[in-house]
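Here the UniProt record's numbering is used: the first residue of the sequence shown is 1, the next is one more, and so on. Even glycine gets a Cβ: it sits at the ideal position worked out from N, Cα and C. None of the values given here were measured: they were computed from a predicted structure. Just below is one structure, and these are the notes that go with it.
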Amino acid sequence: MSSELINQLSEELITAATRMDLEGTLKRALAGQEQAGTRREHLMARQVLRAQLTIRDFIAWFGYLTLPPEKVPNSYVGEKNKVFMRQTPLTNDELPQLAAVAPQPGVSYLGDWLSALMSVVLDNAGHSATRDISFEHNRQLGQIISQLKQENMPC
């Protein structure tokens with residue numbers, strides 16, 4: 001992957017994290033961790049682990065596991081079911097229905113993840129929570145920086 005593509009992906013993830021309130025999710029995950037008698041380094045290790053798991057869950061599932069099914073987008077690949085769809089639970093006496101060809105969960109997850117990423121990017125359109133300056137000011141700033149670079153170039 002090129003560095004430009006990595007930067008664009010990072011910006012989309014940051015925008016999605018802001019739009020979907022990842023900060024609030026982290027705060028809720030870390031709230032109430034204080035326990036009398038717990039050593040500070042143990043508490044700190046637990047908080048770091050919870051923060052890591054929360055961020056990993058966001059990147060892995062984009063928050064779709066906690067949404068009601070009607071708010072979860074459809075996959076663009078395979079059977080076009082809801083992304084990250086879980087198997088329906090079986091009753092005690094029911095046998096699972098197996099496909100003629102064994103499914104490939106890794107391929108299925110990758111298709112769902114890319115579909116979810118596409119939905120997240122589309123939902124990010126027009127959202128400017130991560131922008132400190134407007135697009136117009138950013139363009140003007142780019143022109144100023146370009147002029148400064150040209151003026152400071154050795155002849």
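Do you know how far the Cα of residue j is from the Cα of residue i?
| i | j | result |
| --- | --- | --- |
| residue 137 | residue 89 | 53 Å |
| residue 9 | residue 113 | 13 Å |
| residue 11 | residue 20 | 14 Å |
| residue 103 | residue 62 | 23 Å |
| residue 29 | residue 93 | 38 Å |
| residue 56 | residue 134 | 30 Å |
| residue 16 | residue 47 | 23 Å |
| residue 58 | residue 151 | 45 Å |
| residue 38 | residue 51 | 18 Å |
| residue 26 | residue 98 | 39 Å |
| residue 65 | residue 87 | 13 Å |
| residue 116 | residue 83 | 7 Å |
| residue 41 | residue 14 | 29 Å |
| residue 77 | residue 67 | 20 Å |
| residue 126 | residue 101 | 42 Å |
| residue 18 | residue 24 | 9 Å |
| residue 142 | residue 111 | 37 Å |
| residue 85 | residue 49 | 26 Å |
| residue 7 | residue 91 | 47 Å |
Who are the near neighbours of residue i in its chain, counting only those whose CB is closer than 6 Å to its CB and skipping five residues on each side?
| i | result |
| --- | --- |
| residue 123 | none |
| residue 119 | 73 |
In terms of residue numbering, what span does the alpha helix (DSSP H) encompassing residue i cover?
| i | result |
| --- | --- |
| residue 120 | 105 to 124 |
| residue 146 | 135 to 151 |
Ordered along the chain, which non-local residues of its own chain (more than five positions away) have a Cβ less than 8 Å from that of residue i?
| i | result |
| --- | --- |
| residue 148 | none |
| residue 35 | 43 |
| residue 155 | In this predicted model, residue 155 has a pLDDT of only 46, less than 50, meaning its place in the structure is not dependable; the value taken from the coordinates is given anyway. Once the five neighbours on either side are set aside, residue 155 has no close Cβ partner at all. |
Looking only at its chain, what residues have a beta carbon closer than 7 Å to the beta carbon of residue i, apart from the 5 residues adjacent to it on each side?
| i | result |
| --- | --- |
| residue 108 | 78 |
| residue 22 | 58 |
| residue 69 | 82 |
Note down, one range per segment and in chain order, each alpha helix (DSSP H) of at least 4 residues found wholly within the segment 18 to 94. 22 to 30 and 40 to 61
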